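In the numbering used here, the protein residues as written are 2 to 267.
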């Protein structure tokens, strides 16, 4: 059984300045994030038929995914998702919102702050001079109108002109980075800690003074350069860190809901 979903195919633009192979790469990343191709990744011929591209274009797009460790080609077997790398490259923050989306719960964000800012400490994290301007986006993430996370992200100031005018209440930052041809992070690190939230986060999430949160700190990189510093606070009373283990195999941490689905649907 395969998970090729013709209904999710978005046509490529022949009039765009973006090369077809790069458009196809972005489209495949989008579908991977939506959960396509778990059982079987499409062959070059499948991609040629679905998107009307040449074999060279299909191979170029898939090779780019392979360089980022997202897929793996094996002679005689074909191409498959590198599931362990997917968990790492998409990260626990993405998996959190994917779980909520899979439950059929409507998500949206309230934009708290968007635009240029300055912060010497964050600038250093991004490898910039302390007085360099930054782009800052702060959002309260909601599921079924209920706050589940507060998300703060900083990017280099050069991103401001193309991002500051966008409506981030219903769109993902990484999707907009791709649409703007700025490029999304393809590597990085993420640290998760249990912390006591400050009064601002407590109020935004509607917590009492005794509820802790999970703090996710992410550094995103592209082409060897740090382009993202993100701090996200997730409700500790509704999400947990979970791992499956098996002898001889490396385990991966992920975020899961604590009965949130049932609460939100009732």
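For glycine and all other residues, C-beta sits at the position ideal for the given N, C-alpha and C. Computed from a prediction, not measured in an experiment: that's the story for all the values here.
Can you tell me whether residue 137 is buried or exposed? The criterion is at least 16 other CB atoms within 10 Å of its CB, across all chains shown. buried
What are the uninterrupted segments assigned as beta strand (DSSP E) that are 3 or more residues long and contained completely in the segment 105–155, given in chain order? 108–118 and 135–144
Would you call the CB atoms of residue 111 and residue 140 closer than 8 angstroms? yes
Using a Cβ-Cβ cut-off of 8 angstroms (strictly less than) and excluding sequence neighbours within five positions of residue 17, which residues of its own chain qualify? 24
In the DSSP assignment, the alpha helix (DSSP H) including residue 52 goes from what residue to what residue? 45–52
Where does residue 132 land, buried or exposed, given buried means 16+ other C-beta within 10 angstroms? exposed
If contacts are defined as beta-carbon pairs under 8 angstroms, then residue 218 and residue 191 qualify, I think. What distance do you get, rounded to the angstrom? 7 angstroms
Measuring CB to CB, does residue 208 end up less than 8 angstroms from residue 151? no
How is the beta strand (DSSP E) around residue 79 delimited, first residue to last? 79–82
Going by DSSP in three states, residue 67 sits in which element: helix, strand or coil? helix
According to DSSP, is residue 215 helix, strand or coil? strand
For the beta strand (DSSP E) that residue 200 lies in, which residues bound it at each end? Run containing residue 200: none in the beta strand (DSSP E); it sits in the alpha helix (DSSP H), 200–206.
By alpha-carbon positions, which one of 157, 20, 168 and 59 ends up nearest to residue 185? 157
Please state whether DSSP places residue 182 in a helix, a strand or coil. coil
Name the DSSP beta bridge partners of residue 74, please? 80
Of the residues 47, 54, 119 and 211, the one placed nearest residue 199, counting alpha carbons only: 211
Between residue 107 and residue 62, which are expected to be in contact by the criterion C-beta below 8 angstroms, what is the C-beta distance as a whole number of angstroms? Wrong, their Cβ atoms sit about 32 angstroms apart, outside the cutoff.
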